[in-house]
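Reading through the structure tokens given below for one structure.
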Amino acid sequence: MRKTIFKKLEAQGLIANYNRLRKNLPPRLPERVYIWDETLREGVETPTVFLTYVERVKLAKLLDEAGVSIITVGFPALSEEEKNAVKKIANEGFQQASIAASARAVKSDIEACLDCGVKEIPIFTPFNGLNL
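With my numbering as the guide, the letters of the sequence shown map in order to residues 42 to 173.
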């Protein structure tokens, strides 16, 4: 049987086929996998992308039906319009997903999220020369 270049490199210890290494596998798989989705927040912040409220709700409902555990729907501190959209989406009534809204580590951002009635608030802090 002819050895492929990958098998030769693996035999020399230069690469590893992690699919075959038992030591990289967990002792047992978890009973449930939790998916945290940021599509709605990231999508709204992407230049040239605009989702209507109806599109955002439809996407959130599809994510909920797919079994996503946490859906981050927006960044309420961005604007009053965004805050209203997040609040309305959070009150749409989802079957299994917990609705989240992002905030900076700033009191007013967190208060904006709390005003929206979301169940989760992921807090982010930028790290750069100005913030250190």
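For every residue, glycine included, the Cβ atom is placed at its ideal position computed from N, Cα and C.
Residue i versus residue j: straight-line alpha-carbon distance, rounded
| i | j | result |
| --- | --- | --- |
| glutamate 86 | glycine 54 | 44 Å |
| glutamate 122 | valine 109 | 25 Å |
| alanine 146 | asparagine 125 | 21 Å |
| leucine 92 | glutamate 83 | 11 Å |
| isoleucine 112 | leucine 70 | 24 Å |
| alanine 101 | alanine 142 | 13 Å |
| leucine 81 | tyrosine 94 | 11 Å |
| isoleucine 130 | isoleucine 151 | 17 Å |
| lysine 128 | valine 159 | 8 Å |
| phenylalanine 47 | aspartate 156 | 55 Å |
| tyrosine 75 | isoleucine 162 | 16 Å |
| isoleucine 140 | lysine 99 | 14 Å |
| cysteine 154 | serine 120 | 12 Å |
Per-residue burial, residue i [other beta carbons within 10 Å of its own, 16 or more giving buried]
| i | result |
| --- | --- |
| phenylalanine 116 | buried |
| aspartate 78 | buried |
| valine 114 | buried |
| alanine 118 | buried |
| arginine 17 | Residue numbering for the chain in the displayed model covers 42 to 173; residue 17 lies beyond these limits and cannot be assessed. |
| alanine 57 | exposed |
Terminal residues of the beta strand (DSSP E) in which residue i lies
| i | result |
| --- | --- |
| threonine 113 | 111–113 |
Backbone secondary structure at residue i - three-state DSSP
| i | result |
| --- | --- |
| alanine 141 | strand |
| phenylalanine 165 | strand |
First through last residue of the alpha helix (DSSP H) which encompasses residue i
| i | result |
| --- | --- |
| glutamate 122 | 121–131 |
| leucine 50 | 46–52 |
| tyrosine 94 | 94–106 |
| lysine 148 | 148–157 |
| glycine 84 | 80–86 |
(message) If contact is defined by three or more beta carbon pairs under 8 Å, each pair taking one atom from either stretch, is the stretch 161–168 in contact with the stretch 97–105?
(response) no
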